[in-house]
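Colleague: Residue numbers (this note's numbering): 7 to 306. Ideal Cβ placement from N, Cα and C applies to all residues, glycine included. Please read all numbers here as calculations on a predicted model, not as lab measurements.
1) With a threshold of 16 other CB atoms inside 10 Å of the CB of residue 111, please say whether the residue is buried or exposed.
2) Which word fits residue 22, buried or exposed, when buried means at least 16 other C-beta atoms lie within 10 angstroms of its C-beta?
3) At what residue ranges does the region 237-268 contain a whole run of the beta strand (DSSP E), taking only runs of 3 or more?
4) Is the distance from the Cβ of residue 181 to the Cβ of residue 189 below 7 angstroms?
5) From the beta carbon of residue 232, is the nearest beta carbon of chain B less than 7 angstroms away?
6) Since residue 63 contacts residue 69 with CB under 8 angstroms, what's their CB separation in whole angstroms?
7) Please state if the CB of residue 176 and the CB of residue 125 are separated by a distance shorter than 7 angstroms.
8) Measure how close the beta-carbons of residue 215 and residue 288 come, nearest whole angstrom, since I'm counting them as under 8 angstroms.
9) When the Cβ atoms of the region 79-97 are set against those of the region 234-242, are three or more pairs found closer than 8 angstroms?
10) Which two residues bound the contiguous alpha helix (DSSP H) that contains residue 55?
11) Could you tell me the alpha carbon to alpha carbon distance between residue 53 and residue 88, rounded to whole angstroms?
12) So, with DSSP's three-state summary, where would you put residue 129?
13) Tell me whether residue 182 sits in a helix, a strand or coil according to DSSP, three-state version.
14) Distance check for residue 205 and residue 41, CA to CA, integer angstroms please.
15) Can you tell me where the beta strand (DSSP E) with residue 190 in it begins and where it stops?
16) Can residue 221 and residue 234 be called in contact, C-beta distance under 7 angstroms?
17) Taking only the alpha-carbon atoms, compute the straight-line gap between residue 75 and residue 16 and give it to the nearest angstrom.
18) Below 8 angstroms on the Cβ atoms is my contact criterion, and I expect residue 255 with residue 295 to pass it. Report the Cβ-Cβ distance as a whole number of Å.
19) So residue 156 is in the alpha helix (DSSP H); what residue range does that whole segment cover?
20) For residue 85, which residues of its own chain have a beta-carbon under 7 angstroms away from its beta-carbon, when the five flanking residues on both sides are left out?
21) Under 7 angstroms Cβ to Cβ from residue 134, same chain only, skipping five residues before and after it: list those, please.
22) Buried or exposed, going by whether 16 or more other CB atoms sit within 10 Å of the CB of residue 266?
23) For residue 261, count the other beta carbons within 10 Å of its own beta carbon; 16 or more makes it buried, fewer makes it exposed. Which is it?
24) Below 8 angstroms CB to CB, which residues in the same chain sit around residue 3 once its five sequence neighbours on both sides are set aside?
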């Protein structure tokens with residue numbers, strides 16, 4: 007019987023070298039935001055214990071303070087203190103949960119976009135009996151009724167009045183009212199304003215998922231399970247970078263909208279169905295450019 011192909015442990019020195027570069031922008035952001043090293047160190051200490059308990063030591067009997075201390079390097083007295091702390095609230099802010107669903111439906115459903123796939127300006131109030139949810143009226147003239155913002159909201163939730171949703175989205179800058187008193191989406195996708203709670207939610211989720219995909223690929227025994235590719239060039243002029251940046255942003259938005267439309271079609275094809283083992287997927291794209299640092303002595 008051939009030996010089982012198991013992933014080889016990553017050399018700690020190589021992993022730390024990579025982690026130093028990975029953490030640089032995060033440490034810079036924390037420093038500029040007033041998060042000092044002792045605060046971060048205590049957060050990391052707690053995270054080490056939390057991951058040891060929940061992710062690494064899968065057998066409950068193995069989760070002793072001594073075993074956790076041996077695995078993490080954290081003193082047993084500290085482990086007892088950290089294990090008694092309440093868990094963090096990892097839930098999404100209300101504006102993220104609701105706004106992301108509304109924007110996804112707005113840009114991903116043929117009823118709410120024009121012939122070029124751009125989100126339509128929507129009158130605030132539509133006709134009578136508008137409801138696009140699972141219990142929606144499926145009469146022959148259903149698809150001929152003009153779309154409205156109220157109908158869009160009711161296709162996502164009937165628990166909150168559309169007027170209250172509109173006021174919230176206006177307050178967060180997701181939508182605006184035009185001269186014809188129609189609701190317009192500010193961008194092709196929900197882009198939170200800098201530093202707000204919703205932006206920090208996406209910051210944590212998207213970077214977590216990218217690192218999780220890359221870590222899973224490093225640890226894989228066979229073919230890497232997740233796509234993690236990039237196009238990178240150096241030695242470019244600012245004009246060349248600007249051209250590539252604009253092209254990449256436009257291409258990325260086209261792909262994101264295409265994936266969103268397919269996701270809407272798949273979910274609407276089986277309304278109300280709940281899988282026995284729900285899964286989630288996150289597909290992201292980023293563009294980054296900066297001045298190249300001076301080459302070190304002897305570096306090509």
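Modeller: With the structure as the only source:
1) Numbered from 1 along the chain shown, position 105 holds the residue referred to as residue 111. Answer is buried; the Cβ neighbour count reaches 16.
2) Indexing the chain shown from 1 puts residue 22 at position 16. Result: exposed.
3) none
4) To locate residue 181, count along the chain shown from 1; it is residue 175. To locate residue 189, count along the chain shown from 1; it is residue 183. For residue 181 and residue 189, yes; Cβs fall inside 7 angstroms.
5) In the structure shown, chain B does not exist; there is a single protein chain.
6) Position 57 of the chain shown, counted from the start, is the residue given in the question as residue 63. Position 63 of the chain shown, counted from the start, is the residue given in the question as residue 69. About 5 angstroms separates the two Cβ atoms, so the contact holds.
7) For this step, residue 125 is matched to residue 119 along the chain shown. For this step, residue 176 is matched to residue 170 along the chain shown. No.
8) Stepping through the chain shown from its first residue, residue 215 is reached at position 209. Stepping through the chain shown from its first residue, residue 288 is reached at position 282. That belief holds up - the Cβ atoms of residue 215 and residue 288 are roughly 4 angstroms apart, short of 8 angstroms.
9) no
10) If you number the chain shown from 1, residue 55 lands on position 49. Segment 43-57, the alpha helix (DSSP H) holding residue 55.
11) Reading the chain shown from its first residue, position 47 is the one you call residue 53. Reading the chain shown from its first residue, position 82 is the one you call residue 88. Each residue's alpha carbon lies about 9 angstroms from the other.
12) Taking the first residue of the chain shown as position 1, residue 129 is located at position 123. Residue 129 falls in the strand class under three-state DSSP.
13) Counting from one through the chain shown, the residue named residue 182 turns up at place 176. Three-state result, residue 182: strand.
14) Indexing the chain shown from 1 puts residue 41 at position 35. Indexing the chain shown from 1 puts residue 205 at position 199. One C-alpha to the other measures close to 18 angstroms.
15) Translated into positions along the chain shown, residue 190 becomes position 184. That run of the beta strand (DSSP E) goes 188-191.
16) Residue mapping note: residue 221 aligns to position 215 of the chain shown, counting from 1. Residue mapping note: residue 234 aligns to position 228 of the chain shown, counting from 1. No, Cβ-Cβ distance for residue 221 and residue 234 is not below 7 angstroms.
17) Sequence index remark: in the chain shown, residue 75 carries index 69 (1-based). Sequence index remark: in the chain shown, residue 16 carries index 10 (1-based). The straight-line gap from Cα to Cα measures roughly 21 angstroms.
18) Against the chain shown, residue 255 aligns to sequence position 249. Against the chain shown, residue 295 aligns to sequence position 289. Incorrect: roughly 11 angstroms between the Cβ atoms, too far for contact.
19) Counting from one through the chain shown, the residue named residue 156 turns up at place 150. That run of the alpha helix (DSSP H) goes 155-162.
20) As a first step, residue 85 must be located in the chain shown, where it is residue number 79. Once the five neighbours on either side are set aside, the close Cβ partners of residue 85 are 55, 71, 74 and 75.
21) Sequence index remark: in the chain shown, residue 134 carries index 128 (1-based). Summary for residue 134: the model assigns pLDDT 43, below 50, so the residue's position carries little reliability, and this model does not support an answer.
22) Here the question's residue 266 lines up with position 260 in the chain shown. Looking at its Cβ environment, which holds 16 or more other Cβ atoms inside 10 Å, residue 266 is buried.
23) Here the question's residue 261 lines up with position 255 in the chain shown. Looking at its Cβ environment, which holds fewer than 16 other Cβ atoms inside 10 Å, residue 261 is exposed.
24) Beyond the ends of the chain as shown, which are 7 and 306, falls residue 3; an answer cannot be given.
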